[in-house]
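These notes are about the structure you will find just below.
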Amino acid sequence: MIKKCLFPAAGYGTRFLPATKAMPKEMLPVVNKPLIQYGVEEALEAGLNQIAIVTGRGKRALEDHFDISYELEHQIRNTDKERYLSGIRRLIDSCSFSYTRQIEMRGLGHAILSGRPLIGDEPFAVVLADDLCLNTEGDGVLAQMVRLYNQFRCSIVAIEEVPPEETSKYGIIAGEAIRDDIYRVSSMVEKPRPEDAPSNLAIIGRYILTPDIFELIEQTEPGKGGEIQITDALMKQAQQGCVLAYRFKGRRFDCGSAEGYIAATNFCFEHFYKAGKAF
Ligand code: UTP
Numbered sequence: 001m002i003k004k005c006l007f008p009a010a011g012y013g014t015r016f017l018p019a020t021k022a023m024p025k026e027m028l029p030v031v032n033k034p035l036i037q038y039g040v041e042e043a044l045e046a047g048l049n050q051i052a053i054v055t056g057r058g059k060r061a062l063e064d065h066f067d068i069s070y071e072l073e074h075q076i077r078n079t080d081k082e083r084y085l086s087g088i089r090r091l092i093d094s095c096s097f098s099y100t101r102q103i104e105m106r107g108l109g110h111a112i113l114s115g116r117p118l119i120g121d122e123p124f125a126v127v128l129a130d131d132l133c134l135n136t137e138g139d140g141v142l143a144q145m146v147r148l149y150n151q152f153r154c155s156i157v158a159i160e161e162v163p164p165e166e167t168s169k170y171g172i173i174a175g176e177a178i179r180d181d182i183y184r185v186s187s188m189v190e191k192p193r194p195e196d197a198p199s200n201l202a203i204i205g206r207y208i209l210t211p212d213i214f215e216l217i218e219q220t221e222p223g224k225g226g227e228i229q230i231t232d233a234l235m236k237q238a239q240q241g242c243v244l245a246y247r248f249k250g251r252r253f254d255c256g257s258a259e260g261y262i263a264a265t266n267f268c269f270e271h272f273y274k275a276g277k278a279f
């Protein structure tokens, strides 16, 4: 059973400066909720209630968000404003939260390795909260992936098709389709130019990883951009055993970019806020 979900949240968020100068990118609100809260909701819906967050300098607001604010809560007690906090209270009551700091921002692979003391020797999920994934038609993306893990018992990356000219923003996979929505990964390249990309199937910010990934990250040299890339470690895992890529059901918004952030805001306003389902 997977119980733990790791949130690497130590990045600088340079694409969203100046908003992210003194505030974590993961605290950017989509309508009225910060990105990280949507991510934790998705994890809990998938049955993962042990939340592990990799933070960095200037990220204290993340810890404060998943804590009680006595003064504020005293102030609004027995008023109709209490309902605004019902969602976050449910998360605080249902999940445990643990934190570690990534001291140097050496890439996503390194951030995941920094989370090792919080995860231990068990399979776990990874959520990049700036990729907001929503499925209004059924199970969330992590719940879909946990189900697949229970069947296949290996690492799984979530993928989606991207326009060929956008491959240089993502890790791109190649593989053999074993079902119309599942590929067995044979190759993986970090941010290839369109002419070098093995496909247009891009890895997005949802992973299920088996714990042998930690050793593989330790053996991984810095790659593209001088960062320790999770795709390089996953490639080794795919060569030694099996990594699956899953084309999920639902929508993904890249909230690390202005376009994705605005699209997510409009979507959530329509589907949740106006429908009275926003808290
Ligand atoms: P991004 O590639 O989006 O980088 O990281 P970033 O720093 O957050 O944002 P930009 O590109 O500068 O605007 C993907 C995820 O990995 C985490 C980030 O917090 C984000 O959730 N990350 C990245 C770390 O935790 N540590 C790192 O060293 C790098």
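So for the sequence shown, full-length UniProt numbering puts the first residue at 1; every next one is plus one.
Cβ coordinates follow ideal geometry from the N, Cα and C atoms, glycine included.
Please read all numbers here as calculations on a predicted model, not as lab measurements.
**Prompt:** Less than 8 Å separating the beta-carbons of residue 298 and Leu132?
**Reply:** In the structure displayed, the chain extends from 1 to 279; residue 298 sits before or after that span and is not available.
**Message:** With the cut-off set at 8 Å, would you say Val126 and Leu209 are in Cβ contact?
**Reply:** yes
**Message:** Just to confirm, is the Cβ distance from Met188 to Thr220 under 8 Å?
**Reply:** no
**Request:** Examine the Cβ distances between the segment 28-45 and the segment 91-108 and report whether three or more of them are shorter than 8 Å.
**Result:** In short, these stretches touch, since the Cβ pair count reaches three.
**Request:** Please report the residue range of the alpha helix (DSSP H) in which Arg147 lies.
**Result:** From DSSP, the alpha helix (DSSP H) with Arg147 extends over Val141 to Phe152.
**Asked** If you drop the 5 nearest sequence neighbours on each side, which residues of the same chain put their C-beta closer than 6 Å to that of Met235?
**Response** Around Met235: Met188.
**Request:** With a threshold of 7 Å, establish whether the CB of Ala10 neighbours any heavy atom of ligand 1.
**Result:** yes
**Any 3 or more C-beta pairs closer than 8 Å across the segment 55-73 and the segment 180-198** = no
**Prompt:** Between Gly58 and Pro24, what straight-line distance do the alpha-carbon atoms span, to the nearest angstrom?
**Reply:** 7 Å
**Message:** Taking the alpha carbon of Gly13 as the reference point, which residue from Lys277, Ile51 and Gly56 has its own alpha carbon closest?
**Reply:** For Gly13, the closest alpha carbon among the candidates Lys277, Ile51 and Gly56 is that of Gly56.
**Asked** Does the beta-carbon distance from Thr100 to Leu118 come in below 8 Å?
**Response** yes
**Message:** Can you find the residues in the same chain that come closer than 8 Å, C-beta to C-beta, to Glu122, ignoring five residues on each side of it along the sequence?
**Reply:** Ile2, Lys3, Lys4 and Pro211
**Request:** Starting from the C-beta of Ile112, find all residues in its chain whose C-beta is less than 7 Å away, skip the five residues before and the five after it, and write them out in chain order.
**Result:** So the list reads Leu6, Pro8, Val126, Ile217 and Ile230, once near-sequence residues are dropped.
**Prompt:** Distance, Cα to Cα, Val243 vs Phe269?
**Reply:** For the pair Val243 and Phe269, the Cα-to-Cα distance works out to about 36 Å.
**Request:** Kindly examine ligand 1 and report whether one of its heavy atoms sits closer than 7 Å to the Cβ of Leu113.
**Result:** no
**Request:** Report yes or no: is there a C-beta of chain C within less than 8 Å of the C-beta of Val162?
**Result:** Absent from the structure is chain C; it holds one protein chain and no more.
**Prompt:** Secondary structure at Cys133, three-state DSSP: helix, strand or coil?
**Reply:** strand
**Exposure of Ile103, with buried meaning 16 or more beta-carbon neighbours within 10 Å** = A residue is called buried when at least 16 other Cβ atoms come within 10 angstroms of its Cβ; Ile103 does not meet this threshold and is exposed.
**Message:** Tell me the DSSP secondary structure of Val31 in three-state form.
**Reply:** coil
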